[in-house]
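I have placed the structure first, in the form of structure tokens, so that the comments after it can refer back to it.
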Amino acid sequence: GAGVSQSPSNKVTEKGKDVELRCDPISGHTALYWYRQSLGQGLEFLIYFQGNSAPDKSGLPSDRFSAERTGGSVSTLTIQRTQQEDSAVYLCASSTTVGNTIYFGEGSWLTVV
Amino acid sequence: AQTVTQSQPEMSVQEAETVTLSCTYDTSESDYYLFWYKQPPSRQMILVIRQEAYKQQNATENRFSVNFQKAAKSFSLKISDSQLGDAAMYFCAYDYRDDKIIFGKGTRLHILP
Chain A
252 GAGVSQSPSN
262 KVTEKGKDVE
272 LRCDPISGHT
282 ALYWYRQSLG
292 QGLEFLIYFQ
302 GNSAPDKSGL
312 PSDRFSAERT
322 GGSVSTLTIQ
332 RTQQEDSAVY
342 LCASSTTVGN
352 TIYFGEGSWL
362 TVV
Chain B
1097 AQTVTQSQPE
1107 MSVQEAETVT
1117 LSCTYDTSES
1127 DYYLFWYKQP
1137 PSRQMILVIR
1147 QEAYKQQNAT
1157 ENRFSVNFQK
1167 AAKSFSLKIS
1177 DSQLGDAAMY
1187 FCAYDYRDDK
1197 IIFGKGTRLH
1207 ILP
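Pasting the structure below:
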């Protein structure tokens, strides 16, 4: 596609439910990043993929968070047993390679009630 | 570990004036990349300017320029002839090889008419 596509754009879920957030990067981009941004705050690194591999998972806040990437393309971020503190915008970005511009999606706004 | 610090949470500038946003970073590497990203209220992150650390020349994009001081590990953004559309959150970011991109906490820029 022309840009990084994320879905859903908005999600309201009940505490304790599982959610899946999807990211479709720009075609041909091998690097894919997930960040979390709480209201009015900076970007918190969660995980990045180089192809299908995730060399660095250190940013995942807890074992309730997991992510995968298949076929070197689409990535899914899964949050199990959601908590209210998980409410945030989850941003996905991709780039052709390190050092090149990373392009962001518009984010998935998650609200846990 | 690499860190990026933006010491100004908020700044204001009069329309048509010049403003400088500060960014410092910590790294032991010599070959890396630095970026400034803009996040307007629409939430979409947009690249403003990119600097390669091995290049001594400061990057410039129209009204936006940087002052890159490698020895001091400083990377400030200067916006000339500020316009109302420049109002946004600005993030400084660092990227090194196959590693996560690290963002500062951001500076919120207000443009006063």
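Residue numbers (our numbering), protein chains in the order written: chain A, 252 to 364; chain B, 1097 to 1209. Note that beta-carbon positions come from the ideal geometry of N, C-alpha and C, so glycine has one too.
| Item | Value |
| --- | --- |
| Where A/Q335 falls: helix, strand or coil (DSSP) | helix |
| CB of B/Y1129 within 8 Å of CB of B/R1146, strictly | yes |
| Beta carbon of A/K268 nearer than 8 Å to that of A/T329 | no |
| Residue-level contact to chain A via CB, B/F1068, 8 Å cutoff | Look at the range of chain B in this structure, 1097 to 1209, and you will see that residue 1068 of chain B is not part of it. |
| Of the residues A/G358, A/V363, A/Q331, the one placed nearest A/V255, counting alpha carbons only | A/G358 |
| Where B/L1180 falls: helix, strand or coil (DSSP) | helix |
| Proximal residues of chain B, C-beta to C-beta of A/I353 below 9 Å | F1131, Y1133, M1141, L1143, A1189, D1191, I1197 |
| Proximal residues, the region 294-310 of chain A versus chain C, C-beta separation under 8 Å | Chain labels in this structure do not include chain C; the protein chains are A and B. |
| Contact set between A/V263 and chain B, taken where Cβ atoms lie within less than 9 Å | The premise fails here: A/V263 is roughly 17 Å from chain B at the closest Cβ pair, so nothing lies under 9 Å. |
| Interface flag, A/G279 vs chain B, CB-CB below 8 Å | no |
| Residues that B/G1200 contacts on chain A, provided the C-beta gap is smaller than 8 Å | G293 |
| One or two residues paired with B/H1206 in a DSSP bridge | B/S1108 |
| Option in B/F1160, B/P1137, B/M1141, B/Q1140 with minimal Cα separation from B/F1171 | B/F1160 |
| Beta strand (DSSP E) segment containing B/I1145, residue limits | 1142-1148 |
| Beta carbon of A/S345 nearer than 8 Å to that of A/H280 | yes |
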